[in-house]
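Take a look at the structure set out below.
Residue numbers (our numbering): 2 to 347.
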């Protein structure tokens, strides 16, 4: 009933790449990081095994971005924030279910033992029932699956107007957050966009090294490359005090969601509460800062500001939540959404 093939990415294979990209760009779950320019910018880091699924009329009806790294465990996707089955719009639940079964059989035939999958979170797709059905599919009695881990992401509902901001968002700020914002009036803080990662990338590197002994997932050159390829989806913001950059953020645009991929501050930025100032500005004036961004949300506006997960990478004790960071986000009135990571035995 279904034919499945491994996606054969080649930089010069425009026909094959265009078929994949066209499917992604016209799909309600087709985020920019599923496009080949993002999916394969760091192709040397993993072995790709993405799948393309066709119906009996040879129409592409589903893709699965996926890769493996030296073992017979398929990940969807190590090189991306999320992965999962991207179904053609308007497929029935039973059709989706049969596609999943067919893909799992295909992976068994190719000697894979496990599939690790991290589906898109619910707040990415307003009114999209595909997103919800995925969790039912992955918990089917005929599939040996379990939730491998949960990640806590902090998400703020954006105001529709200045009045909403005052009545809802600002009222949900903690007393400490309000005090910190009052203190920012003592400084000449300004939020600006920049087109150059080199303006601020060292702040991010130094912050991760000092606080967690880690490096950013991307290099400055990589994030610049991605920004240049996806200028409507990847934006750089900085906070300046007297013309000096003291805080920064890399923002990814996901349809109705504004997501902070990175944020960091210098010592001077921490003393002036520059990140508090930045987040408040993005909440209050998001329609101004992102006015030229093409709206692909069903509502024609941005609905959410995602502050990211607060997990401690490589943490060995049972509590993997960075409680200080999590509390800092909650003080903006952020609510917790879970990111599910499933393990499927084949």
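Glycine included, each C-beta is placed from N, C-alpha and C at the ideal position.
query, result
"Where residue 288 sits in the DSSP three-state scheme", "helix"
"Length of the line joining the Cα atoms of residue 186 and residue 273", "9 Å"
"Local Cβ density within 10 Å of residue 151, reported as buried at 16 or more and exposed below that", "exposed"
"Nearest-angstrom Cα separation, counted from residue 79 out to residue 332", "31 Å"
"Alpha carbon of residue 90 to alpha carbon of residue 204, nearest angstrom", "41 Å"
"Residue 248, enclosing beta strand (DSSP E) - first and last residue", "245-255"
"Same chain, Cβ closer than 7 Å to residue 35, five either side skipped, listed in chain order", "25, 66 and 87"
"Proximal residues to residue 319 (C-beta, below 6 Å), its chain only, five neighbours per side dropped", "Here residue 319 scores only 48 on pLDDT, less than 50, and its place in the model should not be relied on; the value that follows carries that caveat. Within the same chain, residue 319 has no close Cβ partners at all."
"Backbone CA spacing between residue 288 and residue 269 [nearest angstrom]", "28 Å"
"Residue 319 (DSSP reduced to helix, strand or coil)", "Confidence at residue 319 is low in this model, with a pLDDT of 48, below 50, so its placement is unreliable and no value can be given for it."
"Buried or exposed (CB count within 10 angstroms, at least 16 for buried), residue 160", "buried"
"Residue 104 - partner residues in DSSP beta bridges", "Looking at the DSSP assignment, residue 104 forms no beta bridge with any residue, so it has no partner."
"Neighbour-count burial assignment, residue 167, 16 or more Cβ in a 10 Å radius", "exposed"
"Spatial distance of residue 121 from residue 340 (CA atoms)", "8 Å"
"Residue 208 - containing alpha helix (DSSP H), residue span", "202-213"
"Bridge partners - residue 346, DSSP secondary structure assignment", "115 and 145"
"Residue 283, DSSP secondary structure in three states", "helix"
"Status (buried if at least 16 other CB within 10 Å, exposed otherwise) for residue 213", "exposed"
"DSSP three-state assignment for residue 55, whether helix, strand or coil", "strand"
"Limits of the alpha helix (DSSP H) - the one that residue 262 falls within", "Here residue 262 belongs to no alpha helix (DSSP H); instead the beta strand (DSSP E) covers 258-266."
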